[in-house]
Amino acid sequence: MQELRDKNGLTEKEFLARYDASKFERPSVTVDIICLRSNKVLLIKRGGHPFLGKLAFPGGFLEPDEDAYTGAARELREETGLKAADLRMLPAATAPGRDPRTRIVTLPFLTGLEGGLAPRADDDAASAGWYLFTRETRDTAEGELSLITLSPEGGNPGTVSFSVLRKSDESGLRGDPVYEVRGENPLAGDHGAILAMALDVRAREDGFCRS
98 MQELRDKNGL
108 TEKEFLARYD
118 ASKFERPSVT
128 VDIICLRSNK
138 VLLIKRGGHP
148 FLGKLAFPGG
158 FLEPDEDAYT
168 GAARELREET
178 GLKAADLRML
188 PAATAPGRDP
198 RTRIVTLPFL
208 TGLEGGLAPR
218 ADDDAASAGW
228 YLFTRETRDT
238 AEGELSLITL
248 SPEGGNPGTV
258 SFSVLRKSDE
268 SGLRGDPVYE
278 VRGENPLAGD
288 HGAILAMALD
298 VRAREDGFCR
308 S
């Protein structure tokens with residue numbers, strides 16, 4: 098069977114041998130894991146830069162030899178000691194300036210847990226724990242504004258609040274809503290916006306995240 102050749106007369110093997118992978122800038126890919134149990138969310142406190150000391154979801158960089166689901170389960174285990182179950186991927190966060198290190202695309206996952214529910218901080222996490230959350234919403238001219246409050250389980254100090262605006266994409270390019278943190282942001286990067294998105298997904302799909 099004759100091998101197919103492209104417009105330059107190259108077979109696929111010849112094309113790959115000459116291919117320059119540096120021709121296009123390649124974003125790094127991370128995974129973030131959101132576990133919701135009733136009115137609680139699992140969060141870590143970042144132990145390193147960037148966003149040192151801020152609350153965040155467990156997560157990290159995807160390894161070259163693993164798919165995103167495997168990477169999400171690994172990162173959750175490494176940072177909290179917990180075992181993921183029923184991982185489901187949410188829409189990717191792709192804004193060019195979302196991370197100050199470089200161009201990073203993150204794949205958020207909602208997950209349940211298998212086994213114990215007591216997190217143990219490790220790896221890049223300075224601490225890990227469950228946070229009680231409340232959410233109050235009101236309609237504005239721009240869209241729905243949510244006030245989300247997070248309080249450490251057990252009555253420990255450290256309650257924080259932030260606002261997230263959910264609005265339609267003004268460009269008309271996408272049907273998915275846009276989430277923007279407004280004002281002070283106690284969570285790392287765009288994790289506040291990702292949390293609001295995850296809460297909306299859970300509200301639409303009862304039983305999405307089980308333990």
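Every position in the sequence shown, counted from 1, becomes a number in my numbering once 97 is added.
We treat Cβ as the ideally placed atom computed from N, Cα and C, and that holds for glycine.
A straight line joining the alpha-carbon of residue 180 with that of residue 209 spans about 9 Å.
Per DSSP, residue 121 lies in no beta strand (DSSP E) segment and is marked neither H nor E. Boundaries of the alpha helix (DSSP H) around residue 295: 288-301. A contact is defined here as three or more CB-CB pairs under 8 Å, and the stretch 119-133 meets this definition with respect to the stretch 279-296. In the three-state scheme derived from DSSP, where H, G and I count as helix and E and B as strand, residue 250 is classed as coil. Counting other Cβ atoms within 10 Å of its Cβ, residue 196 reaches 16 or more and is therefore classed as buried. If the five residues before and after residue 201 are omitted, its C-beta is found closer than 8 Å to the C-beta atoms of 124, 125, 126, 127 and 195, all from its own chain and listed in chain order.
The stretch 187-270 is shown to contain whole beta strand (DSSP E) runs of 3 or more residues at 201-211, 222-236, 241-249 and 257-264, in chain order.
Between residue 257 and residue 293, the gap from beta carbon to beta carbon reaches 8 Å or more. Beta-carbon to beta-carbon, residue 267 and residue 219 are separated by about 42 Å, too far to satisfy the 8 Å threshold. Boundaries of the alpha helix (DSSP H) harbouring residue 174: 165-177, taken from the DSSP string. Residue 149 carries a coil assignment under DSSP once its states are collapsed to helix, strand and coil.
Three or more beta-carbon pairs drawn from the stretch 223-231 and the stretch 240-250 are found closer than 8 Å, and the two stretches are therefore classed as touching.
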